[in-house]
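J.: Each residue of the sequence shown is one higher than the last, beginning at 19 in the numbering used here. Glycine included, every Cβ here is placed at the ideal spot set by N, Cα and C.
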Amino acid sequence: MKNIEKSELLKAAMLELLEESALDKVVNCAVPANHTPDATHPRTTLLHVKFSEDKPQVDRMAGFLWGQCVNYALSRRRRLAFKQKLLDSTGADLSEIPNLVDVVKNVFIKFRKEYPSRASEVGEVLAYCVATQHLKAAQMAAKVSLKTSSNMPVHGLDGIHASVENGVLTIYFLESKLSGSANSGAKEYAESIAGFLNDEKQYLHEYSLVGDLGNLDTLEGEARTLALAHFDVMGNPEIQRRERSVALICYSEKKHFKNSIPIADGSPDIHEKHFSENYAKDLDHHQTAASKHLKNNGVDPRKCQVFFVAVPDVNKLREKFYEAMGK
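1. When you compare only the Cα positions, how much space is there between Thr-351 and Val-44?
2. Using three-state DSSP, classify His-248 as helix, strand or coil.
3. Using only CA atoms, which one of Asn-117, Leu-64, Met-32 lies nearest to Met-158?
4. Here's the rule: buried if 16 or more other CB atoms are within 10 angstroms of the residue's CB, otherwise exposed. What is Ile-79?
5. May I ask which residues mark the beginning and end of the beta strand (DSSP E) holding Asn-46?
6. Using alpha carbons as the reference points, say which of Tyr-90, Ala-51, Ile-115 lies closest to Gln-102.
7. What are the boundary residues of the beta strand (DSSP E) that includes Ile-22?
8. Excluding five sequence neighbours on each side, which residues of the same chain lie with their C-beta closer than 6 angstroms to the C-beta of Ala-308?
9. In this structure, what does DSSP give as the bridge partners for Gly-177?
10. Can you tell me where the alpha helix (DSSP H) with Ser-270 in it begins and where it stops?
11. Would you mind listing the beta strand (DSSP E) stretches within the segment 307-332 that are 3+ residues and don't spill past its ends, in chain order?
12. Along the beta strand (DSSP E) that carries Thr-63, what are the first and last residues, could you check?
13. Within 10 Å of its beta-carbon, does Thr-54 have 16 or more other beta-carbons around it, so buried, or fewer, so exposed?
14. Whose C-beta lies closer than 6 angstroms to the C-beta of Phe-326 among residues of the same chain, with five residues either side of it excluded?
15. Could you give the first and the last residue of the continuous alpha helix (DSSP H) run that contains Gly-203?
16. The alpha helix (DSSP H) that contains Asp-281, what's its start and end?
17. State the Cα-Cα distance for the pair Ile-281 and Glu-337, rounded to the nearest angstrom.
18. Should the segment 271-291 be called in touch with the segment 212-221, which here means at least 3 C-beta pairs below 8 angstroms?
19. Just reading off the alpha helix (DSSP H) that Ala-298 is part of, what are its end residues?
20. Kindly indicate which three-state DSSP category Leu-187 falls into: helix, strand or coil?
21. How would you call Gly-198, buried or exposed, if buried means at least 16 neighbouring beta carbons within 10 angstroms?
22. Taking its Cβ as the centre, do 16 or more other Cβ atoms sit within 10 Å of Gly-85, making it buried, or is it exposed?
23. Give, in chain order, every unbroken run of the alpha helix (DSSP H) that is at least 4 residues long and sits entirely within the segment 72-105.
24. Straight-line CA distance for His-66 to Thr-108?
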């Protein structure tokens with residue numbers, strides 16, 4: 019098979035695995051990723067919770083993220099099995115749906131109970147949604163389900179996604195941070211990704227998870243063989259791969275949410291536009307902060323992409339997420 023044929027086959031395989039989220043229903047993009055060939059900073063995107071007139075819709079965002087947990091938390095094989103049960107049911111029988119919800123809920127509850135200091139599920143789900151919509155990158159392994167396994171370490175990445183760009187497989191290492199400020203979130207991310215990149219054992223372990231326990235097992239034939247070969251970094255070191263670190267930094271934006279304008283009878287979206295325009299002016303500050311922290315930790319900013327998500331209060335978002343879960 020020619021290289022171009024392999025590339026097209028691999029691209030089709032990644033698209034088959036992609037379940038693109040509709041994150042833009044609840045999260046608006048104030049500044050899309052900016053990049054130039056000579057850039058020395060990380061690609062940076064500024065996102066924020068959407069408004070309903072003058073009110074940030076945190077409850078709606080939390081509910082949407084809980085709905086995405088089915089795709090995020092369960093392996094593709096398990097999701098396909100549940101879907102087949104629904105298709106095999108007779109008439110209007112939807113009795114399997116509560117079982118599916120319970121399985122997902124139990125995954126989160128178990129992990130939060132056993133590892134309370136590492137429980138930041140809402141950030142991880144948000145990172146998943148960003149990767150599937152903004153990067154069009156498919157999830158390679160359901161990490162939160164693997165973390166609840168008794169023989170799996172809880173440390174490591176929050177997600178592994180991949181897509182084919184310009185004929186080359188791009189692998190995205192996801193890190194999510196919930197923080198009180200953009201700067202502190204960027205600092206935590208830089209320290210975290212530096213630790214991962216300097217830990218060869220963990221680095222190889224993440225690749226082995228995809229090959230052994232990931233979503234590639236739902237592919238078939240040559241597509242499956244080709245995809246598995248690309249994630250076998252020890253067995254196939256000659257295969258070209260592009261690796262990128264992706265940060266999801268959801269933080270409490272104190273200043274701009276307080277800077278409101280009077281209620282008027284004009285277009286209801288003037289409040290969101292007012293916020294978005296002011297928030298967009300923070301691009302240079304946020305990008306510079308991320309670049310500084312990455313360089314301080316020995317990480318090349320050009321291999322990183324940072325998504326900042328502004329909400330009024332990250333703790334309130336987390337609280338509303340668990341309310342949506344029904345916990």
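T.: The short version:
1. This structure gives no information on residue 351, because the portion of the chain shown stretches from 19 to 345.
2. helix
3. Met-32
4. Note on identity: in this sequence residue 79 is Met, with Ile being the wrong assignment. Met-79 should be labelled buried.
5. 45-49
6. Ile-115
7. Element bounds for Ile-22: not the beta strand (DSSP E) but the alpha helix (DSSP H), 21-35.
8. Pro-60, Ala-204, Val-324
9. Leu-192
10. From DSSP, Ser-270 is part of no alpha helix (DSSP H) but of the beta strand (DSSP E) over 259-270.
11. 322-329
12. 61-67
13. exposed
14. Leu-64, Ala-200, Ile-267, His-304
15. 200-215
16. Checking the sequence, you will find Ile at residue 281 rather than Asp. No alpha helix (DSSP H) holds Ile-281; DSSP gives it neither H nor E.
17. 28 angstroms
18. no
19. 288-298
20. strand
21. exposed
22. exposed
23. 76-91
24. 43 angstroms
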